[in-house]
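Numbering (the UniProt record's numbering), first residue to last: 1 to 545.
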Amino acid sequence: MTDLLPRPAVFAPADGSFPLSPGTPVSGPAELVDGVRLALAVLDPRPAEAGTIVVERDAALDAEAYTLEVTATGVRITAGDRAGAFYAGQTLRQLLPHGAFRTVAQAGWTVPCGRVEDAPRFSWRGVHLDVARHFLPKREVLRMVDLMAAHKLNRLHLHLVDDQGWRVESRVAPRLHEVASHRPRTITSHHKDDPVYDEVPHGGYYTLDDLAEIAAYARARAVTVVPEIDVPGHASAILAAYPSLDARATGGREPEPFPVLDRWGISPAILSPLPPTVDFLTSVIDEIRGALGETPYVHLGGDECVLDDWAASAEIVAFQEELGLESLSGLHAWFLRRLADLLAERGSRAIVWDEAFVSGMLRPDTIVMPWRGPGVARRAAEAGHDVVQTPVFPLYFDYAETSSEEEPLAIGDAITVSDVATFAPAPESWTAEQREHVLGAQFQLWSERLPDGRAVDYRAWPRGCALAEVVWSGSAGPGFGERLEGHLGRLDALGVEYRPPAGPRPWQLGGTGRRRHRPGVVKVDEVMGHLEEMTHLADSTRPSM
Ligand code: ACM
1 MTDLLPRPAV FAPADGSFPL SPGTPVSGPA ELVDGVRLAL AVLDPRPAEA
51 GTIVVERDAA LDAEAYTLEV TATGVRITAG DRAGAFYAGQ TLRQLLPHGA
101 FRTVAQAGWT VPCGRVEDAP RFSWRGVHLD VARHFLPKRE VLRMVDLMAA
151 HKLNRLHLHL VDDQGWRVES RVAPRLHEVA SHRPRTITSH HKDDPVYDEV
201 PHGGYYTLDD LAEIAAYARA RAVTVVPEID VPGHASAILA AYPSLDARAT
251 GGREPEPFPV LDRWGISPAI LSPLPPTVDF LTSVIDEIRG ALGETPYVHL
301 GGDECVLDDW AASAEIVAFQ EELGLESLSG LHAWFLRRLA DLLAERGSRA
351 IVWDEAFVSG MLRPDTIVMP WRGPGVARRA AEAGHDVVQT PVFPLYFDYA
401 ETSSEEEPLA IGDAITVSDV ATFAPAPESW TAEQREHVLG AQFQLWSERL
451 PDGRAVDYRA WPRGCALAEV VWSGSAGPGF GERLEGHLGR LDALGVEYRP
501 PAGPRPWQLG GTGRRRHRPG VVKVDEVMGH LEEMTHLADS TRPSM
C-alpha cells in the first residue's frame, strides 16, 4: 500500500490512520520545521505553538537521518539536522495519496499509522546533468532538483562546459557567455553516416543570478550543486572565446581559432597548461563559486585529453621539463593538481574523472569519479581516494533501456532498470578499507542525444528511482519491482514523462527518421569489455557521430 521508495531502513505499519488537511499546524525548532514545510508544501503546513505534526531535534541522529511516527493522535518527527527533517517530510508525503505529488491538495487525506526509522547508506547520491551538449533551461534544472528531493538524492553535478558550449555568465571573461555559449548548428546524422547538420542555432547560459538561485533552491531541498569546469581538454568552446589560451597559441603562434563544436566525439582542442591559463581558470571558478555560495566541491574534469598540441609546443615541453616532470601525462596531472591546490586554499574539494587519477599526483583529498569501470574505481580507492561511482555500465543513462529500433536515439544500448537496481557501489569483493572510500554513486545524463527536458525525463526515470534506492537503502529490494510500480503513480502526478516499463508510449518512439535508435551500433557490454585496458588519457567510449 505504501510503496515507499527509496525503502526506509525500518517501516513498521500499525493499525489506523491520521487525517492531514491543508494548513495543518506544525511545531518545533524553526530550522527543522522549515524542512518539513518545504517537503510537504502541497499541504501548506503552518508553524504553530502546538502542531499536529511535532518536530524534535535529536542530536544523537546522524546527518540526514530521521524517525517518523504516525499515530491516531498526530505525527512526530525527530531529526538531527534540517536534511533529516526534510526527508521525514518526503516520506510523509509518500504516505499520503499520490495526489500529494501534485501542486494542489485535496480534502480528506489520511496517512496510515506506523513508525519509520531511516538513514542513508551513502552520503553521495547524485545526478549528473550535461548542460553543455544541450543546454537545459533553468526551469528544468529546478524541476530536476524537485525530482531529486522526492527521491532523497542530494548532489547535482552540473557539467557546465564542453566542446559544444559554455553555460555560465562571466563578468571577468564575458566572451565566455557572449561567444562560447552557442553554436550555429548541430549534427543530426547517425554515428558513422555521412554528416548532416540541422542548421539550427543552439545555445543558452545561466546568469550568475540564475546560478545563485539554483544553488539556493537546491540547498533548501538538501541538494548540493557541484559545478564542473572540464579542463584542460574538451576545450573548443573556451578556445573559441579566448584563443590565446590554446596550446597551439604558445610561443607567439597565432593558429586559426577553434569554433564552438557542432558535432560529437573527442576533439583535439586543449588549453595550454601555462600559468596564464591557471590564472584565467582561477578567476572564472572563483566567480562561479561566488555565485553558488558555499561550494564544498568543484569538479575539474580532466577526462579524454588529447595531448598532441602540448607535444607540438616547444614552450609547453620546456615548461614540463622545468617542473621536473617526466612526461606530458605528468604535466596533465600537475595542471589539475595546481587547480586542486588553489581550490583547497578556498575551502573547496576537487573532483576529477578517473584519467586524472591514472596520470597521478592527485591531492589525497581529491575525489575520483571512475567512469571507466570497477577496475580503476578499486585502484583509486586502494590508493586512498574517496570515490563516487560513475561507471558507464550501469550509470550512463544516455544508453537506451533496450536494444530496439522503437527507442529514441541513444548513444548505445542497453542499460535496464534491473541493471541499475542490482548495482553495488561498494562491492563485497573489495576490502573494508576500499569500501569505506566509496562515498556513493550518481547517474550520468550526457546530452549529445538528449535535446530537451522531455528526453531527460525519459532517460532519467525510472532508472533514477532504482539508483535512488541503491544509494539510500544500500541495495534495491525487497519488493523493489512492486514498489516501483506504485511509485510510478507519483511520477504521473508530478508530470514526469518517464519511460514506461513496457516500452515507449507512441509519441516516445524513435520513429523512422533521424530520432530512430540504431540497436547494437554501440553495445555497452562491448564498451565495458574495453574499459579495463583504458589507461590512456584520451581513451573514450564516446564515438563521434
Ligand atoms: C566521460 O565520459 N568522458 C567522463
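By construction, the Cβ of each residue, glycine as well, lies at the ideal position given by its N, Cα and C atoms.
- Task: Can you tell me which of the three DSSP states residue 16 falls into?
- Result: Strand, per DSSP.
- Query: Does DSSP put residue 98 in a helix, in a strand, or in coil?
  - Reply: Residue state, collapsed to three classes: helix.
- Buried or exposed (CB count within 10 angstroms, at least 16 for buried), residue 192: So residue 192 counts as exposed.
- Query: Ordered along the chain, which non-local residues of its own chain (more than five positions away) have a Cβ less than 8 Å from that of residue 138?
  - Reply: If we look at residue 138 and ignore the five residues flanking it on each side, its Cβ neighbours are 206, 210, 213 and 214.
- Item | Spatial distance of residue 17 from residue 295 (CA atoms) | Residue 295 has its alpha-carbon roughly 42 Å from the corresponding atom of residue 17.
- Please name the residue or residues paired with residue 112 in a DSSP beta bridge. Secondary-structure assignment with DSSP links residue 112 through a beta bridge to 17.
- Would DSSP call residue 297 helix, strand or coil? Look at residue 297 here: in three-state DSSP terms it is strand.
- Query: To the nearest angstrom, how far is it from the Cα of residue 131 to the Cα of residue 225?
  - Reply: So the two alpha carbons sit approximately 13 Å from each other.
- Query: Going straight from the alpha carbon of residue 80 to that of residue 95, what length do you get?
  - Reply: For the pair residue 80 and residue 95, the Cα-to-Cα distance works out to about 22 Å.
- Query: What first and last residue would you give for the beta strand (DSSP E) that runs through residue 428?
  - Reply: Segment: none, residue 428 is in no beta strand (DSSP E) and carries neither H nor E.
- Item | Closest Cα partner of residue 288 within the set 33, 36 and 168 | Distances from the alpha-carbon of residue 288 to those of 33, 36 and 168 put 168 closest.
- Message: Can you give me the C-alpha to C-alpha distance between residue 361 and residue 19, rounded to a whole angstrom?
- Response: Between the C-alpha atoms of residue 361 and residue 19 there is a straight-line separation of about 59 Å.
- Measure the CB-CB distance between residue 231 and residue 176 and report whether it falls below 7 Å. Contact annotation: residue 231 and residue 176 have beta-carbon atoms that are not nearer than 7 Å.
- Message: Given this structure, state the Cα-to-Cα distance separating residue 407 from residue 338, to the nearest angstrom.
- Response: For residue 407 and residue 338, the distance between alpha carbons rounds to 44 Å.
- Identity of the residue in 258, 313 and 329 nearest residue 164 by Cα: Looking at the Cα atoms, 258 is the closest of the given residues.
- Item | Which of helix, strand or coil DSSP assigns to residue 306 | If DSSP states are grouped into helix, strand and coil, residue 306 belongs with coil.
- Message: At the level of alpha carbons, what is the spacing between residue 61 and residue 492?
- Response: For residue 61 and residue 492, the gap between their C-alpha atoms comes out near 34 Å.
- Query: Can you tell which of 56, 122 and 300 has the C-alpha that lies nearest to the C-alpha of residue 162?
  - Reply: Ranked by Cα distance from residue 162, the options 56, 122 and 300 are led by 300.
- Task: Look at residue 391 and residue 420 and say whether their C-beta atoms are less than 7 Å apart.
- Result: In this structure, residue 391 sits away from residue 420, with a CB-CB distance that is not shorter than 7 Å.
- Assign residue 346 to buried or exposed, taking buried as 16 or more other Cβ atoms, counted over all protein chains shown, within 10 Å of its Cβ. Around the beta carbon of residue 346, a 10 Å sphere encloses fewer than 16 other beta carbons of the protein chains shown; the residue is thus reported as exposed.
- Task: With distances taken Cα to Cα, identify the nearest neighbour of residue 512 among 404, 459 and 523.
- Result: Nearest option by C-alpha distance: 404.
- Item | Buried versus exposed, by CB contacts within 10 Å (16 or more), residue 320 | So residue 320 counts as buried.
- With 16 as the cutoff for other CB atoms within 10 Å, does residue 251 come out buried or exposed? So residue 251 counts as exposed.
- Message: Shorter than 6 Å, the distance from the beta carbon of residue 304 to the closest heavy atom of the ligand ACM, or not?
- Response: Correct: residue 304 has its Cβ closer than 6 Å to the ligand ACM.
- Query: For the beta strand (DSSP E) that residue 225 lies in, which residues bound it at each end?
  - Reply: Where residue 225 is concerned, the enclosing beta strand (DSSP E) stretches over 224 to 231.
- Task: Have a look at residue 5 and residue 475 and give me their C-alpha separation to the nearest angstrom.
- Result: When only Cα atoms are considered, residue 5 and residue 475 end up about 12 Å apart.
- Query: Taking Cβ to Cβ, would you say residue 43 is nearer than 7 Å to residue 71?
  - Reply: It is not a contact, given that the beta carbons lie outside the stated cut-off.
- Message: Check for me: the beta strand (DSSP E) holding residue 242 runs from which residue to which?
- Response: That residue, residue 242, is in no beta strand (DSSP E); it is neither H nor E in DSSP.
- Query: Since residue 155 and residue 124 are thought to touch, with beta carbons under 8 Å apart, how far apart are those beta carbons, to the nearest angstrom?
  - Reply: Right, the Cβ-Cβ distance comes to about 6 Å (below 8 Å), so this counts as a contact.
- Item | Helix, strand or coil at residue 142 [DSSP, three-state] | Here residue 142 sits in helix by DSSP.
- According to DSSP, residues forming a beta bridge with residue 162: In DSSP, residue 162 forms a bridge with 165.
- Query: How many angstroms separate the CA atom of residue 440 from the CA atom of residue 312?
  - Reply: The C-alpha of residue 312 is placed about 40 Å away from the C-alpha of residue 440.
- Task: Go to residue 125, then tell me how far its beta strand (DSSP E) extends in each direction, as first and last residue.
- Result: Unbroken beta strand (DSSP E) run through residue 125: 124 to 130.
- Task: May I have a chain-ordered list of the alpha helix (DSSP H) segments no shorter than 4 residues that lie completely inside the region 370 to 397?
- Result: Counting only runs of 4 or more, we get 374 to 382 and 392 to 395.
- Query: Distance, Cα to Cα, residue 78 vs residue 21?
  - Reply: Rounded to the nearest angstrom, the gap between the Cα atoms of residue 78 and residue 21 is 21 Å.
- Item | Short Cβ contact (7 Å threshold) for residue 413 with residue 399 | Going by C-beta atoms, residue 413 is nearer than 7 Å to residue 399.
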